[in-house]
Amino acid sequence: MPATPPAPLTVGFDLDMTLLDTRPGIHATYRALSAETGVPVDADLVVTRLGPPLLDEIRNWFPAEEAERAVARYRELYREHAFAPTVPLPGAHAAVEAVRAHGGRIAVITGKYEPNARLHLEHAGLDADVLVGDLWAETKGEALRAHGASIYVGDHLGDIVGARHADAVAVAVATGPYDADRLREAGADVVLTDLTGFPEWLDRHLGPNQDSRG
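Mapping of the sequence shown onto numbering that gives the first Met the number 0: position 83 corresponds to residue 82, and the numbering continues sequentially without gaps.
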C-alpha cells in the first residue's frame, strides 16, 4: 500500500503589525473619518491597540446606531489614506521567502476587511496563496484549520487564541501591542522580537525532514 504523502507546509500570517506596519495609514484614516463626521476620535490611542474587529473600535467613538455606517465609511476612506504610508515590518519579505524556500504556502489570515487587505499585499509586494479577512481569535483558527496551516504567526493575544484553536504552532512577534513577556504568558509557543528571526527559527523547527509540525 503506498504511503500517504505528507501535507504541504502552510504557514499562516496575521497582517497588521505582523507583516505590515499599518499604524500610519490607520491613524490617517481615523483622522479623516473624524474630520468628516465631526465625531472626536483619539487616533493616537487607536493605533496602540490594533487587532480586535474594526466594529469594536468604532463603537468606542460612535453611537451604536451610527457604528455600522461609520465602519463602511472608514473602509472607503481607508483606500484613500492608508496604503501609501504603510510599510512592511522588518523581516516580512524574508519570512515569506523562507516559507517558499521550504516549498510551503502562505495563508494571510487577518481581521482586516479582505478587499483592503488584498490591496495592502499588492502595494507591499507580498504574495499570498490564501487570504481570508474579517476574522478574529477563534474564527482565525477555523480558517487556519480549513487551509491546513500548521504554524500561525501573529502579534496579538487573539492570534495566539487562533493558533491554539487550529492546533497550530503559535509564533508571536513583539511588534504589536504586547511585549515578549506578555506573549509568552498568553501561551505563545515561540516569541520573536520581529520577523527577522523567523527564517532561522523555521529552519530549526522543520529540521532535515521538512516536517511542518516539528
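Idealized CB from N, CA, C, for every residue including glycine. Note that this is a predicted model, so its numbers are computed, not measured.
Kindly indicate the opening and closing residues of the alpha helix (DSSP H) around residue i.
i: Gly-219; result: The structure shown does not extend to residue 219, since the chain is modelled only from 0 through 213, so no value can be given for it.
i: Leu-120; result: 113 to 123
i: Ala-69; result: 63 to 80
i: Gly-140; result: 137 to 145
i: Leu-53; result: 53 to 57
i: His-101; result: Neither: His-101 is in no alpha helix (DSSP H) and is coded neither H nor E.
i: Asp-178; result: It is not in any alpha helix (DSSP H) - Asp-178 carries neither H nor E in the DSSP assignment.
i: Arg-48; result: Arg-48 -> no alpha helix (DSSP H), and no H or E assigned at all.
i: Asp-214; result: In this structure the chain extends from 0 to 213, so residue 214 is not present and cannot be described.
Per DSSP, which residues does residue i bridge with? Please list them.
i: Leu-191; result: Val-172
i: Tyr-151; result: Gly-11 and Ala-169
i: Pro-87; result: Leu-19
So residue i packs on residue j, CB below 8 Å; how close in whole Å?
i: Ile-108; j: Asp-13; result: 7 Å
i: Thr-9; j: His-146; result: 6 Å
i: Asp-154; j: Val-168; result: At roughly 15 Å, the Cβ-Cβ gap does not stay under 8 Å, so Asp-154 and Val-168 are not in contact.
i: Tyr-151; j: Ala-162; result: 4 Å
i: Asp-133; j: Ile-105; result: With a Cβ gap of about 19 Å, Asp-133 and Ile-105 do not count as contacting.
i: Leu-53; j: Tyr-29; result: Going by Cβ atoms, the distance from Leu-53 to Tyr-29 rounds to 11 Å, so no, they are not a contact pair.
i: Asp-20; j: Leu-130; result: Not really, about 19 Å apart at Cβ, beyond 8 Å.
i: Lys-139; j: Asp-15; result: With 8 Å as the limit, Lys-139 and Asp-15 do not qualify as a contact, their Cβ atoms being about 12 Å apart.
i: Glu-137; j: Val-170; result: The pair is not a contact, with the Cβ atoms about 18 Å apart (cut-off 8 Å).
i: Leu-32; j: Ala-71; result: In fact, because the Cβ distance is near 11 Å, the residues do not count as touching under 8 Å.
Since residue i is in the beta strand (DSSP E), which residue starts that stretch and which ends it?
i: Ala-106; result: 104 to 108
i: Leu-130; result: 129 to 131
Quick one: does residue i have its CB under 9 Å from some CB of chain E?
i: Pro-23; result: As a matter of chain content, chain E is missing from the structure shown, which is built from one protein chain.
Whole alpha helix (DSSP H) runs in the region 10 to 45 with 4 or more residues, listed along the chain? 22 to 36 and 42 to 45
Are the region 87 to 99 and the region 51 to 58 touching by the rule of at least three beta carbon pairs closer than 8 Å? no
Should the region 85 to 97 be called in touch with the region 34 to 49, which here means at least 3 C-beta pairs below 8 Å? no
Touching by the beta-carbon criterion (3+ pairs, under 8 Å), the region 115 to 135 and the region 72 to 84: yes
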